[in-house]
Ligand code: NAP
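Residue numbers (this note's numbering): 2 to 277.
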């Protein structure tokens with residue numbers, strides 16, 4: 002007979018968001034715990050915005066071993082932390098909570114490092130002095146901009162709401178012509194908008210004609226099938242990076258911080274793609 006599980010000594014971690022039922026993180030992290038034989042479980046906690054502070058405090062006090070933070074809490078959760086890392090301060094968003102040993106949580110942002118690890122793994126680019134076109138200027142874009150600045154890239158940003166682009170780099174007007182022109186001279190083009198998320202049609206607003214073997218096209222949108230934009234980029238000879246790699250690596254960094262164990266990347270990737 003199988004041994005009962007979980008038990009009173011099982012540790013728990015989870016993701017907080019609103020809604021959170023779509024999250025792939027439970028499947029990824031539980032696959033990692035299983036692969037290492039860790040007596041941990043990872044759950045999804047739907048937390049309404051008004052309940053964020055009390056929920057985070059309660060989870061910390063009940064011995065939670067770590068939390069991922071997703072939409073819409075990535076900014077508001079900063080006020081619930083006992084301390085935050087320099088990455089959170091620079092990006093203005095927090096996606097990982099780590100127990101501080103004192104009944105609270107330290108906030109970190111692992112999206113920036115996860116973005117770079119996925120890029121280095123799938124399509125390495127020499128970024129020092131290289132021109133990069135970032136499309137989008139939301140929370141994910143701020144993490145990407147922080148990561149790219151750390152590698153010395155020259156950042157140009159196109160966003161539907163132009164004021165937000167100006168906060169991140171040299172503005173490229175959000176018009177098809179200007180975006181194609183900027184993409185033509187970029188070594189790396191990143192889509193950090195939600196364009197292409199829910200449809201198989203190629204979205205307007207992302208460059209295609211100017212992409213080629215000289216380009217790396219990186220789509221933060223994650224799906225098991227290539228996004229329409231990455232499909233079009235690959236057809237023009239560009240190297241491509243999908244959003245699954247970033248999701249995997251940001252989670253793997255958090256996994257290491259929570260458990261102290263080396264994350265089993267292959268098992269976590271398999272957990273992600275089985276669910277997605
Ligand atoms: P966000 O803060 O809400 O930002 C959304 C961005 O998309 C903004 O730049 C917004 O432009 C733009 N946008 C939305 N609809 C648009 C439209 N119809 N036309 C043009 N631009 C549009 O969201 P986020 O957290 O940055 O997430 C953005 C995407 O990245 C999502 O698809 C998310 O799933 C993905 N993501 C992936 C990972 C990963 O690990 N792979 C991590 C984080 C996020 P405005 O500023 O004009 O509104």
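Each residue gets a CB set at the ideal place from its N, CA and C atoms; glycine is no exception.
How many Å lie between residue i and residue j at the Cα?
{"i": "residue 144", "j": "residue 110", "result": "8 Å"}
{"i": "residue 156", "j": "residue 129", "result": "11 Å"}
{"i": "residue 239", "j": "residue 181", "result": "14 Å"}
{"i": "residue 113", "j": "residue 14", "result": "21 Å"}
{"i": "residue 163", "j": "residue 259", "result": "38 Å"}
{"i": "residue 165", "j": "residue 136", "result": "11 Å"}
{"i": "residue 207", "j": "residue 222", "result": "13 Å"}
{"i": "residue 105", "j": "residue 64", "result": "10 Å"}
{"i": "residue 201", "j": "residue 220", "result": "14 Å"}
{"i": "residue 154", "j": "residue 9", "result": "49 Å"}
{"i": "residue 176", "j": "residue 160", "result": "9 Å"}
Going by CA-CA distance only, name the one from the options that's closest to residue i.
{"i": "residue 38", "options": "7, 54, 21", "result": "7"}
{"i": "residue 53", "options": "35, 36, 72, 41", "result": "72"}
{"i": "residue 152", "options": "131, 49, 24", "result": "131"}
{"i": "residue 4", "options": "160, 23, 25, 40", "result": "40"}
{"i": "residue 48", "options": "61, 26, 16", "result": "16"}
{"i": "residue 68", "options": "203, 22, 154, 44", "result": "44"}
{"i": "residue 190", "options": "178, 176, 215", "result": "215"}
Tell me which residue opens and which closes the beta strand (DSSP E) that residue i is part of.
{"i": "residue 18", "result": "12-18"}
{"i": "residue 191", "result": "189-192"}
{"i": "residue 155", "result": "155-159"}
{"i": "residue 42", "result": "41-47"}
{"i": "residue 139", "result": "Run containing residue 139: none; DSSP gives neither H nor E here."}
{"i": "residue 220", "result": "217-220"}
For the alpha helix (DSSP H) holding residue i, just list the boundary residues, first then last.
{"i": "residue 26", "result": "26-37"}
{"i": "residue 72", "result": "Note, residue 72: premise wrong, no alpha helix (DSSP H); not H, not E."}
{"i": "residue 99", "result": "Here residue 99 belongs to no alpha helix (DSSP H); instead the beta strand (DSSP E) covers 97-100."}
{"i": "residue 180", "result": "177-185"}
{"i": "residue 89", "result": "87-92"}
{"i": "residue 112", "result": "112-123"}
Check the Cβ-Cβ distances between residue i and every residue of chain B, and say whether any is below 8 Å.
{"i": "residue 41", "result": "The structure shown has no chain B; it contains just one protein chain."}
- Query: Given 8 Å as the limit, is there contact between the region 229-243 and the region 86-102, that is, 3 or more CB pairs closer than that?
  - Reply: no
- Message: Tell me whether the region 80-87 and the region 238-250 touch, counting them as touching only if at least three CB pairs, one residue from each stretch, are closer than 8 Å.
- Response: no
- Query: If we count Cβ pairs, one from each stretch, closer than 8 Å, do we get three or more for the region 267-274 versus the region 249-257?
  - Reply: yes
- Query: When the Cβ atoms of the region 166-174 are set against those of the region 185-194, are three or more pairs found closer than 8 Å?
  - Reply: no
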